Amino acid sequence: MSELDWSADDTESVVDEITAGVASLERTTPDQLRPLYEVIDTEALESLFRETRGQLTFEYLDYEVTVYHDYSVEISPR
Numbered sequence: 031m032s033e034l035d036w037s038a039d040d041t042e043s044v045v046d047e048i049t050a051g052v053a054s055l056e057r058t059t060p061d062q063l064r065p066l067y068e069v070i071d072t073e074a075l076e077s078l079f080r081e082t083r084g085q086l087t088f089e090y091l092d093y094e095v096t097v098y099h100d101y102s103v104e105i106s107p108r
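When you number the sequence shown by the numbering used here, it's gap-free, plus one each residue, and the end is 108.
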């Protein structure tokens with residue numbers, strides 16, 4: 031499997047981007063995955079970089095997910 035990158039837009043939340051990206055790598059649908067909220071506080075993730083810059087990396091299923099301050103997302107197999 032390969033690494034995927036997304037840039038956030040106004041129509042999709044970062045949580046939706048992460049679950050869609052992992053589902054794509056897993057060749058399934060987002061509703062078939064373990065809920066992301068069981069791994070990380072999704073409300074906090076959505077608002078994390080409103081007043082700060084940086085990045086956050088965490089593990090979700092068999093992937094390392096990095097969210098950057100511009101809400102772009104990088105998903106890499108662990």
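In this text, a Cβ means the ideal position worked out from N, Cα and C, and glycines have one as well. None of these values were measured; they are calculated from a predicted model.
How would you label residue i, buried or exposed, when you count the other beta carbons within 10 angstroms and need 16 or more for buried?
{"i": "E47", "result": "buried"}
{"i": "Y93", "result": "buried"}
{"i": "T49", "result": "buried"}
{"i": "S43", "result": "exposed"}
What residue range does the beta strand (DSSP E) around residue i cover?
{"i": "T58", "result": "Looking at the DSSP string, T58 is not in any beta strand (DSSP E), and its letter there is neither H nor E."}
{"i": "E89", "result": "Q85 to Y90"}
{"i": "S43", "result": "No beta strand (DSSP E) contains S43, which DSSP labels as neither H nor E."}
{"i": "P107", "result": "V103 to P107"}
{"i": "V69", "result": "It is not in any beta strand (DSSP E) - V69 carries neither H nor E in the DSSP assignment."}
{"i": "T96", "result": "Y93 to Y98"}
Leaving out the 5 sequence neighbours to the left and right, which residues in its chain are closer than 7 Å to residue i when beta-carbon positions are compared?
{"i": "V45", "result": "L66, T72, L75 and E76"}
{"i": "V52", "result": "L63, Y90, L91, Y93 and I105"}
{"i": "T59", "result": "A53"}
Considering only residues of the same chain and omitting the five flanking positions on each side of residue i, which have a CB-CB separation below 6 Å?
{"i": "F79", "result": "H99"}
Can you name, in chain order, every residue of its own chain whose Cβ lies under 8 Å from the Cβ of residue i, other than the five neighbours on each side?
{"i": "Q85", "result": "T96, V97, Y98 and H99"}
Kindly indicate the opening and closing residues of the alpha helix (DSSP H) around residue i.
{"i": "S77", "result": "T72 to S77"}
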